[in-house]
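K.L.:
Sequence lines, in order, name chains Y and R. Reading the first sequence from the start, the letters are residues 1 to 264 in the numbering used here. Reading the second sequence from the start, the letters are residues 1001 to 1264 in the numbering used here. So that we are looking at the same thing, I have put the structure below in C-alpha cells.
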Amino acid sequence: MNGSARSNALARALFGALSVGSLLFTWWLVTSLELVKPLILPPPSDVWVGFLDIWHGYLNVPFWNHFLASISVMLGGYAMAIAIGVPLGIFMAWNRAVDWVVGPLLQILRPIPPPAWIPLAILWFGIGYAGKIFIVFIAAAVPCILNSYLAIKQTPPELLSSARSLGAKPHTLLFEVAIPSGLPTIMTGLRIALGIAWASIVAAELVVSLAGFGFLIMNGYRNLESNIVFVGMAAVALLGLLMNLVFHRIERAMLPWREDQDNG
Amino acid sequence: MPNNLSYENVTMRFEGRSGAVQALDRFDFQVKSSEFLVIVGPSGCGKSTLLHLTAGLYKPPTGRILLGGEEVREPGPDKAIVFQNFSLFPWKTVHDNIDFGLRINGVPAADREDQIKRVIRLIGLDGFENHYPRQLSGGMQQRVAIARSFVLKPRTLLMDEPFAALDAQNRQIMQEELVRIWQTQRPTVMFITHSVEEAVFLADRVIVMTRRPGRVKEVIDIANITGDHHWRADPFDEVIRRADFQDVRSRIWGLVKSEISVRN
C-alpha cells in the first residue's frame, strides 16, 4: 500500500468514527434531555442494563442459548442450501434437460418472499428447529442456485475451446474448467445467501420461537422493554457483520488468483 | 508421421439472427508437413473459422479436413490452438497451466515435471513457475499459452492472431521467439494475422483470402523467394528494411486492400 492509499484509509476510518460517534452522541443527548419517552428511544444506559440483563440470563434463559439457537438453525439451513443449491445450479447450467425441467419450477417459487413461507413451514414442520431450518433453506437456496447457474453459463468460451483442444473430455471441462472458472461468482452467491439466511432466521424467530435473537426482540416488544429490543437488534447487526468478515477471509483464501487480491 | 493438412471443398455457414452467413466457400488447399503457413485477409473472411474447423472444435457441413491423411473429427492435443487472448486458466499457476494437458492425457507424473521444466526453459520463464497469469505481462502469458500447447508435441499448431494483443516491441520479440520454438519440433503451423509484415517475416507461404465467403485469392511462396536463407533467420528489424522484403510486403498488402475496398 502506498502513502496516499494509507492516508486515504486513515481519513476513511476517521470519518467513520466521526459519523458513528455523532449518532451515539445525538442519541445520548436526545434521551438525557428527555426529548422522547424511554419507550420510544431508551437512553444508552438503559440499553447497557438490558445487555447485562440478557448476558446474565434474561427470563432465566442464558445468553448463549439465544446465540446457539439462532446460529445453529441458520447454519443448518445455510449448509443445506449450499449442499443442494450449488450442485443444482451447476447441473442446470451444464445440462439443458435439467434446466428445462427444474427452471420453470424455480421461476414459480422464486417470487415468493421467504417470510411468506413461515405459516406453511410451521404447519408442515412445527414450531421447532425443522420449520426454521426450512425457512432459512428456502431463502438461502435461491442465490446459491442462481449464482452457480450464472457462474457456469459465463465460462469464457475460449477457455472451454482451449481445454478441449488440449484433450479435455466433458467431465474434465465441467470439473476442471467451468467450476473453477466460475468459483468467484459462486462464492458471491454464497455470501449473498449468508446475509439472507441470517435475515430469515431472525424473521422466523420473530414469528415463533422460544429462544434466539428474534425471540429476544419480540419479547422485549411484548413486555414494553425497548432496551431489550435494542440489544437484540444490535446483537443481530454485530453477528451479521462478523459473519461477513469471516466469509470474506475464507473467500480470499480460496481464490488466491483473483485480480483484486493485491489491493486492500 | 506426415503432418500435412488437406482441405477438401470445406464449406461453413452459421445461422445468425439476420439469416445464414456463409463463412467459407469450397476452401480447397494443401498445407505441407512442417510448413509455416500464414493466412491474411479482410476481417470476417472466415480465417478464424478455418482454424476452429482444423482444431476439430466444429465439423464442416460439407467437405473434409485431413491431418496426415486422417479426417479431423474432434479436438485433441495433436491439433493445438492458441488464441489472441492467451486463454490461460487464471486460477492455475504457470506450472499448472502447462501441466494441465500433460496430466489429462495421462502422462506419468515423473515425466511431466521433466517436460514442464524443459519447456519453461525453452520459453525463458524460469523462476515464474508459481506465478498466476495476471502477474505476467501479455508477452509472457502468450509464451505460456504456446508452451502449454507445445509441450504436448502437437502435429499442427493453430495460431489465431496470437500476437495481436501485444505491443509493438513484444510482438517483434515474440515473432522471433516463435520461430526459435517452432524449429525445435517443427509442427505444421497455421498462423492467422492482420499484420502483413508479420506474415512475410514468418511464413513459408502466405495465403491471401477473399472477403466473405472466404476462398483462396492468391498464394505467395515466400520460401521460394528467399531461398534457403529465410527472412525469419535474421532479426525482424533488419529484415523489414530490405527492399526485397518491402516489395513482397506491398504486393501482399495490395491484394488484401483490394479485398477490403471492393465493396458491393
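No residue lacks a Cβ here, since even glycine has one placed at the ideal position from N, Cα and C.
(1) So, with DSSP's three-state summary, where would you put R/Asn1004?
(2) Just to make sure I have the definition right: I need the residues of chain Y whose C-beta is within less than 7 Å of the C-beta of R/Ser1087. Which are they?
(3) In the DSSP output, which residue or residues are listed as bridge partners for R/Ala1080?
(4) Are the CB atoms of R/Gln1022 and R/Pro1213 within a distance shorter than 8 Å?
(5) Starting from Y/Leu146, follow the alpha helix (DSSP H) in both directions and report where the run begins and ends.
(6) Helix or strand or just coil, what does DSSP make of R/Asp1244?
(7) Using DSSP bridges, identify the partner residues of R/Ile1220.
(8) By the three-class DSSP mapping on this structure, what secondary structure does R/Phe1191 have?
(9) In this structure, does DSSP put Y/Glu34 in helix, strand or coil?
(10) Mind checking Y/Ser4: buried by the 16 CB within 10 Å criterion, or exposed?
(11) Using a Cβ cut-off of 8 Å (strictly closer), state whether Y/Gly103 contacts chain R.
(12) Any idea what DSSP makes of Y/Ala253, helix, strand or coil?
(13) Considering just the uninterrupted stretch of the alpha helix (DSSP H) at R/Val1112, what are its terminal residues?
(14) Alpha carbon to alpha carbon, how far is Y/Phe63 from Y/Gly57? Give it in angstroms, no decimals.
(15) Quick check on R/Arg1249: does DSSP put it in helix, strand or coil?
(16) From the beta carbon of R/Trp1182, is the nearest beta carbon of chain Y less than 8 Å away?
(17) What is the DSSP secondary structure of Y/Ala168, counted as helix, strand or coil?
(18) Which residues mark the beginning and the end of the alpha helix (DSSP H) in which R/Gly1138 is found?
(19) If you follow the alpha helix (DSSP H) that R/Gly1063 is part of, which residue opens it and which one closes it?
(20) Using the beta-carbon of each residue, which ones in chain R are nearer than 7 Å to Y/Gly167?
(21) Once DSSP output is grouped into helix, strand and coil, what is the label at R/Phe1201?
(22) Can you give me the C-alpha to C-alpha distance between R/Asn1224 and R/Gly1069, rounded to a whole angstrom?
(23) Any contact of the region 110-130 of chain Y with the region 162-169 of chain Y, i.e. 3+ C-beta pairs under 8 Å?
(24) Quick check: Y/Leu255 and Y/Pro184, are their CB atoms within less than 8 Å of each other?
(25) If I follow the unbroken beta strand (DSSP E) through R/Phe1027, where does it start and stop?
(26) In angstroms with no decimal places, state the Cα-to-Cα distance between R/Gln1084 and Y/Thr26.
(27) Taking C-beta to C-beta, are Y/Ile152 and Y/Ala193 nearer than 8 Å?
(28) Look up R/Asn1009 in the DSSP assignment and say whether it is helix, strand or coil.
(29) Can you say whether R/Thr1156 is buried or exposed, counting buried as having 16 or more other CB atoms within 10 angstroms of its CB?
(30) Say whether chain R places a C-beta atom closer than 8 Å to the C-beta of Y/Pro62.
(31) Just grab the DSSP bridge partners of R/Glu1015 for me.
(32) So what does R/Phe1036 bridge to, in DSSP terms?
(33) Helix, strand or coil for Y/Gly240? Go by DSSP, reduced to three states.
(34) Applying the 10 Å Cβ sphere with the 16-neighbour rule, what's the burial state of R/Tyr1132?
(35) Return the chain-ordered list of same chain residues with a C-beta closer than 6 Å to the C-beta of Y/Arg191, the five sequence neighbours on each side being excluded.
(36) So, with DSSP's three-state summary, where would you put R/Gly1214?
P.N.:
Well, looking at it:
(1) The answer is coil: DSSP assigns R/Asn1004 none of H, G, I, E or B.
(2) By Cβ distance, chain Y contributes Glu158, Leu159 and Ser162.
(3) Among the bridge pairs identified by DSSP, R/Ala1080 is matched with R/Leu1157.
(4) For R/Pro1213 and R/Gln1022, yes; Cβs fall inside 8 Å.
(5) DSSP places Y/Leu146 inside the alpha helix (DSSP H), whose first and last residues are Tyr129 to Lys153.
(6) Assigned with DSSP and collapsed to three states, R/Asp1244 falls in helix.
(7) R/Ile1220 pairs with R/Val1206.
(8) Per DSSP, reduced to three states, the secondary structure at R/Phe1191 is strand.
(9) Here Y/Glu34 sits in coil by DSSP.
(10) Looking at its Cβ environment, which holds fewer than 16 other Cβ atoms inside 10 Å, Y/Ser4 is exposed.
(11) Output row for Y/Gly103: interface = no.
(12) The answer is helix: DSSP assigns Y/Ala253 an H, G or I state.
(13) One detail in the question is off: residue 1112 of chain R reads as Arg in this sequence, not Val. Counting along the chain, the unbroken alpha helix (DSSP H) around R/Arg1112 starts and ends at Ala1109 to Leu1122.
(14) Approximately 6 Å, taken between the alpha carbons.
(15) In this structure, R/Arg1249 counts as helix in the three-state DSSP scheme.
(16) Chain Y contact via Cβ: absent.
(17) Assigned with DSSP and collapsed to three states, Y/Ala168 falls in coil, not helix or strand.
(18) Here the alpha helix (DSSP H) through R/Gly1138 covers Gly1138 to Phe1150.
(19) Note, R/Gly1063: premise wrong, no alpha helix (DSSP H); beta strand (DSSP E) at Thr1062 to Leu1067.
(20) In chain order: Gly1076, Pro1077, Gly1101, Ile1104 and Asn1105.
(21) Taken through DSSP and simplified to helix, strand or coil, R/Phe1201 comes out as helix.
(22) The alpha-carbon separation between R/Asn1224 and R/Gly1069 amounts to approximately 26 Å.
(23) Three or more Cβ pairs closer than 8 Å define a contact, and the region 110-130 of chain Y falls short of that threshold against the region 162-169 of chain Y.
(24) Closer than 8 Å, so yes.
(25) Its beta strand (DSSP E) spans residues Gly1019 to Val1031.
(26) Straight-line Cα distance between these residues: approximately 60 Å.
(27) Contact flag unset, no.
(28) In this structure, R/Asn1009 counts as strand in the three-state DSSP scheme.
(29) Buried, by the Cβ-count rule.
(30) Taking 8 Å as the CB threshold, Y/Pro62 stays off the interface with chain R.
(31) Beta-bridge pairing links R/Glu1015 to R/Ala1020.
(32) Looking at the DSSP assignment, R/Phe1036 forms a beta bridge with R/Val1189.
(33) Correct three-state label for Y/Gly240: helix.
(34) R/Tyr1132 should be labelled buried.
(35) Closer than 6 Å at Cβ, skipping near neighbours: Phe247.
(36) The DSSP-derived three-state label of R/Gly1214 is strand.
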